[in-house]
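I have placed the structure first, in the form of structure tokens, so that the comments after it can refer back to it.
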Amino acid sequence: MRQIAAREGSVALFATLAATCVAPALTAALVCDPSLPLHSGTPSMFDPRSAPAEMILDITWLVIAICAVIFVVMEGLIIWAIIRYRAKHARDTAGDTGEPPQVYGSNPIELAWTVIPLLIVFVLFLVSARGIFEIDKQEPPPGALEVRVVGHRWWWEFDYGDLGFSTAAELHIPLTKDGQPQSVFLTLESADVIHSFWVPQLGGKKDVVPGRTNYLWLQPRETGRFVGQCAEYCGAQHAGMLINVVVHEEDDFNAWVANQQKPAHDDPATADGRDLFLSTACINCHTVRGTVANGTFAPDLTHLMSRSVLGSGVIANTPEHLRAWVWDPQDAKPGCDMPAMKLTREDTDRICAWLETLH
Amino acid sequence: MSSSPVRPDLSPPLSRLHEWVVTVDHKRLGVMYIVTGLVFFLIGGFEAAMMRWQLAWPGLDIVMPEDFNRLFTMHGTTMVFLVGMPILLGSANYLVPLMIGTRDMAFPRLNAFGFWLFFFGGALLYFSYFGAQGLYGMGSAPDVGWFAYAPLTERTFSRGHSTDYWILGLMVSGFGSIATGINLVTTILCMRCTGMRLMKMPLFVWIMLVDAILIVVAMPPLAAAQVMLLFDRSLGAHFFDVQAGGSAVLWQNLFWFFGHPEVYILILPAFAFVSEIIPVFSRKVLFGYPLMVAATVTIGFISMGVWVHHMFAIGLSPAVNTLFMASTMLIGVPTGIKMFNWVATMFGGRIRLHTPMLFSIGFLAQFLFGGLTGVMLAVVPFDWQVSDSYFVVGHFHYVLFGGLIFSIFAAIYYWFPKVSGRMLSEALGKWQFWLLLIGFNLTFGPMHVSGMLGMPRRIYTYQLDRGWEIWNLLSSIGVLFQALAIAFFIWNVIRSLQRGTPAGDDPWDAWTLEWSTTSPPPAWNFDTDPEVRSRRPLWDAKHPDDPDWKYE
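Listed in order, the protein sequences are those of chains S and P.
Under the working numbering, the first residue of the first sequence carries the number 237, and numbering increases by one thereafter.
Under the working numbering, the first residue of the second sequence carries the number 28, and numbering increases by one thereafter.
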């Protein structure tokens, strides 16, 4: 077994180690190249649109840089050792077949590679510690918009207590207030198990823990729609617990608030659909302000049509999707708590016709 | 006590089975641990492959959401408790007595007891697939994730008995691990051969000593937490029942107080394997043995003070997060020292690239990556973005698959000749290595990207417009290469057991005591009690003119 398999050249070895780095390195390059058009729907932490997300990205670049240098140096040393000290090569130069010199250690060298990593870690620690205290706010910044976010299996409730209404699935926030950047301070609570609120472009995630109140600070830099989703496993439809955040210009936000504050639109043309809705078990779980429906287990439907998604984001809010959802929600979101209500096709149409008036 | 009671009244196959079932021989138990672990590895790998098929593209319907949740729960639980643990306990079992020159473990019957607890614990967990029928949609295997966060595990949310199977299966096998841990500590402290002072032990034995101590310290808190959860579920207690004033954070503290030392319990044996293999195939003594021992002990201590880094996003105070960030970064230093010392061992050597060395180099290259992403994850603000995302999945697979599993294959190729008396095929081994290397990196490299692009872990499907498609497709394609690699491995083992080249006592020209006895070793291990004067007794024997003990 002393013979050396001569077929593997150093090229092959280089490939070993290169392959180790290829996927991560190549992909990192792709992600970081700003000229590459990321799909608008990609919730990338490298594309921040909010103050805390920008602060996190700054720290991230530093960490990536330090780790990348260490990675390249160490892999380089490994590759160098293999190429330089492969048995065949060494025997050629040493001219004998005996064992190489036995080196048991070296105190100065070992001291060096104990102390240098300690220094690197110390610097990294200082930078990160400052970041923690700057980003993790326990009190609302002055003038912040406060929203209570309640995680439910498997949807999000957004309670604008100060403004007097509650909505679901889509969090609407303004870019500015009186022309100044607007801080948003989320109070996170859970109605059942642990969830986690994560919209990467707006900030880091924060767990939503039952029996505990957590806080998350956002400060949007741009208008637009930003997606995220629950990041702590919470049961069958964890994957379907999506988050949509819409950042508005100030005026648009105020208009949205004014509409949300109104009770449900009451259109006599669809009164039979409304009466049917109010006579079914729907009202045990859903609220429609201005009617007797005041359940709290499921999303508030008062302004259902002002939302662009259904089922916490698993499908777009279109008339066809709405009918399919009311007919059998288990089709779009298997395992969710809303059962098929066993309505006839005609009744489904009537209820949906009424729901479609809830702007 | 006879170690292999032959029963002439039974048919030959039954008689052989009987020998294995009643054995208390550390070598047979070691082999049983490892074979059982490898069988569970195939099962866990199959579960992973099902998940990758489902995630290959958005919106697939290969498995139902509930089934997907069972798959990742069983995959994680299996790989940690039923693959990593038995293989490490099995290899310590087999090798420690041989390396310290003794006849068997300190408590042979406790040893057998530990194995069978592990075996039936694992069997109990998997019996849930058949036995745990519960209320609608909640029957069958556990679906609470391998760290089983409360209150999802409470009766309110987890009806039926699947979670009880998870608790009891792991508790039973956990008691087995504690028993074997105590056995290892006792064996190493009390049964070393003449001349083997603590600082003359092979580094393998040192690392296994620290590992066994960690098992004894870390497993009981898990058992305690599981008993509390069992009380909640069956006796109406409220430890983790938030609605009645219990605490969801308490479970996380208890679980991770076990769970993070557990990560080191799993990776330390990888360090142990390559610390033996790299020197032999570099033809050089391990560089900086005393510092390696110190680094191992340091890792052991610090590993018990880093658990909160699994909980950075749970809303603890900035001061607590900062403290645990410091301890987590600190543990990177002794780990880094080990990397440097392994590479320094290769420098100036005459490196032979046999399969064990190839897998060890794969370990070095990939564990380095996993270690560095670990340092990144210690940075709390970065962790707020990527914790519980696919970045974390990529990170710990680089540690546990790229690190641990690669080192396990290195160990299997290295010690298989000692255990079986036959060599594994180098050609098939190299096929396996390259296929596994490609498949592994293809599967787990892109996960770092999908995680940073916002993909959380444990989702059974994802939206089409997220930009995650290509990364997931790459990950899934990698599985094909890995499956092929494992097929090569199985074929290699079967083929070599039947007609592999006879190995002889010492096929690798190695230096530790296990290579001084026959392959396979007799039940009594050594014909005469060995005596050592250095860490490399066989080097001393082969080089009487230049023995190690002059320099140590």
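Where is the CB? At the ideal position from N, CA and C, for every residue including glycine.
Source: prediction; values computed, not measured.
Presumed contact (8 Å Cβ cut-off) between residue i and residue j, rounded CB distance
{"i": "residue 538 of chain S", "j": "residue 570 of chain S", "result": "Contact flag wrong, Cβ pair sits at about 27 Å."}
{"i": "residue 411 of chain S", "j": "residue 484 of chain S", "result": "7 Å"}
{"i": "residue 568 of chain S", "j": "residue 551 of chain S", "result": "5 Å"}
{"i": "residue 242 of chain P", "j": "residue 204 of chain P", "result": "6 Å"}
{"i": "residue 238 of chain P", "j": "residue 197 of chain P", "result": "Not confirmed; about 19 Å, so no contact."}
{"i": "residue 90 of chain P", "j": "residue 77 of chain P", "result": "6 Å"}
{"i": "residue 383 of chain S", "j": "residue 407 of chain S", "result": "7 Å"}
{"i": "residue 401 of chain P", "j": "residue 370 of chain P", "result": "So it is not a contact: roughly 19 Å between Cβ atoms."}
{"i": "residue 309 of chain P", "j": "residue 373 of chain P", "result": "5 Å"}
Within chain P, partners of residue i - CB distance below 8 Å
{"i": "residue 350 of chain S", "result": "318, 360, 364"}
{"i": "residue 470 of chain S", "result": "179"}
{"i": "residue 532 of chain S", "result": "Going along chain P, no residue has its Cβ under 8 Å from residue 532 of chain S, so there is no contact; the nearest lies around 16 Å."}
{"i": "residue 453 of chain S", "result": "Simply none; closest approach about 11 Å."}
{"i": "residue 310 of chain S", "result": "366, 370, 395"}
Distance, residue j Cα to residue i Cα
{"i": "residue 84 of chain P", "j": "residue 476 of chain P", "result": "16 Å"}
{"i": "residue 478 of chain S", "j": "residue 495 of chain P", "result": "15 Å"}
{"i": "residue 383 of chain P", "j": "residue 436 of chain P", "result": "7 Å"}
{"i": "residue 368 of chain P", "j": "residue 339 of chain S", "result": "11 Å"}
{"i": "residue 148 of chain P", "j": "residue 192 of chain P", "result": "9 Å"}
{"i": "residue 544 of chain S", "j": "residue 326 of chain P", "result": "52 Å"}
{"i": "residue 389 of chain S", "j": "residue 432 of chain S", "result": "12 Å"}
{"i": "residue 579 of chain S", "j": "residue 563 of chain S", "result": "7 Å"}
{"i": "residue 144 of chain P", "j": "residue 295 of chain S", "result": "47 Å"}
{"i": "residue 492 of chain S", "j": "residue 340 of chain P", "result": "31 Å"}
{"i": "residue 416 of chain S", "j": "residue 87 of chain P", "result": "45 Å"}
{"i": "residue 49 of chain P", "j": "residue 40 of chain P", "result": "14 Å"}
{"i": "residue 175 of chain P", "j": "residue 199 of chain P", "result": "17 Å"}
Helix, strand or coil at residue i according to DSSP, with G and I counted as helix
{"i": "residue 89 of chain P", "result": "coil"}
{"i": "residue 221 of chain S", "result": "The requested residue 221 of chain S does not occur in the structure, where chain S is confined to residues 237 to 595."}
{"i": "residue 534 of chain P", "result": "coil"}
{"i": "residue 578 of chain S", "result": "coil"}
{"i": "residue 408 of chain S", "result": "strand"}
{"i": "residue 418 of chain S", "result": "coil"}
{"i": "residue 57 of chain P", "result": "helix"}
{"i": "residue 203 of chain P", "result": "helix"}
{"i": "residue 499 of chain S", "result": "coil"}
{"i": "residue 424 of chain S", "result": "strand"}
{"i": "residue 552 of chain P", "result": "coil"}
{"i": "residue 569 of chain P", "result": "helix"}
{"i": "residue 302 of chain P", "result": "helix"}
{"i": "residue 322 of chain S", "result": "strand"}
{"i": "residue 586 of chain S", "result": "helix"}
{"i": "residue 544 of chain P", "result": "coil"}
{"i": "residue 81 of chain P", "result": "helix"}
{"i": "residue 469 of chain S", "result": "coil"}
{"i": "residue 343 of chain P", "result": "coil"}
Beta-carbon neighbours of residue i, restricted to chain P and to distances below 7 Å
{"i": "residue 421 of chain S", "result": "Ordered by position in chain P, no residue passes the 7 Å Cβ test against residue 421 of chain S, which lies about 14 Å from the chain."}
{"i": "residue 447 of chain S", "result": "269, 274, 275"}
{"i": "residue 450 of chain S", "result": "342"}
{"i": "residue 338 of chain S", "result": "311, 312"}
{"i": "residue 429 of chain S", "result": "178, 179, 184"}
{"i": "residue 346 of chain S", "result": "315, 318"}
Within chain P, the residues that residue i reaches when beta carbons sit closer than 9 Å
{"i": "residue 282 of chain S", "result": "479, 480"}
Within chain S, the residues that residue i reaches when beta carbons sit closer than 8 Å
{"i": "residue 577 of chain P", "result": "Within chain S, no residue comes near residue 577 of chain P; the closest Cβ sits about 11 Å away, beyond 8 Å."}
{"i": "residue 438 of chain P", "result": "None at all; the shortest Cβ gap to chain S is about 17 Å."}
{"i": "residue 399 of chain P", "result": "303, 306, 307"}
Under 7 Å by beta carbon: chain S residues contacting residue i
{"i": "residue 357 of chain P", "result": "357"}
{"i": "residue 172 of chain P", "result": "469"}
is_contact[residue i, chain A] using C-beta, thresh 8 Å
{"i": "residue 92 of chain P", "result": "Among the protein chains of the structure shown, namely S and P, there is no chain A."}
Can you give me, in chain order, the residues of the stretch 176-199 of chain P that have a beta carbon less than 7 Å from any beta carbon in chain S? Result list: 176, 178, 179, 184.
Using Cβ-Cβ distances below 7 Å, what residues of the stretch 348-372 of chain S are close to chain P? Under the 7 Å Cβ criterion, the stretch 348-372 of chain S contributes 349, 350, 353, 354, 357, 360, 361, 364, 365, 367, 368, 369, 371, 372.
What residues in the stretch 552-571 of chain S bring their beta carbon closer than 8 Å to a beta carbon of chain P? Taking 8 Å as the Cβ-Cβ cut-off against chain P, the residues of the stretch 552-571 of chain S that qualify are 570, 571.
May I ask you to list, following chain order, the residues of the stretch 472-492 of chain S that have a beta carbon less than 7 Å from some beta carbon of chain P? Listed in chain order, the positions of the stretch 472-492 of chain S with a beta carbon within less than 7 Å of a beta carbon of chain P are 472, 473, 474, 475.
Identify each residue in the stretch 481-493 of chain P for which the Cβ-Cβ distance to at least one residue of chain S is less than 8 Å, and report them in chain order. So the list reads 481, 483, 484, 485, 486, 487, 488, 489, 490, 492, 493, given in the order they occur along the chain.
Closer than 9 Å, Cβ to Cβ, to anything on chain S: give me those residues from the stretch 407-423 of chain P, in chain order. Closer than 9 Å at the C-beta level to chain S, one finds these residues of the stretch 407-423 of chain P: 407, 408, 409, 410, 411, 412, 413, 414, 415, 416, 421.
Residues of the stretch 525-552 of chain P whose Cβ lies closer than 8 Å to any Cβ of chain S, in chain order: The residues in question are 534, 535, 536.
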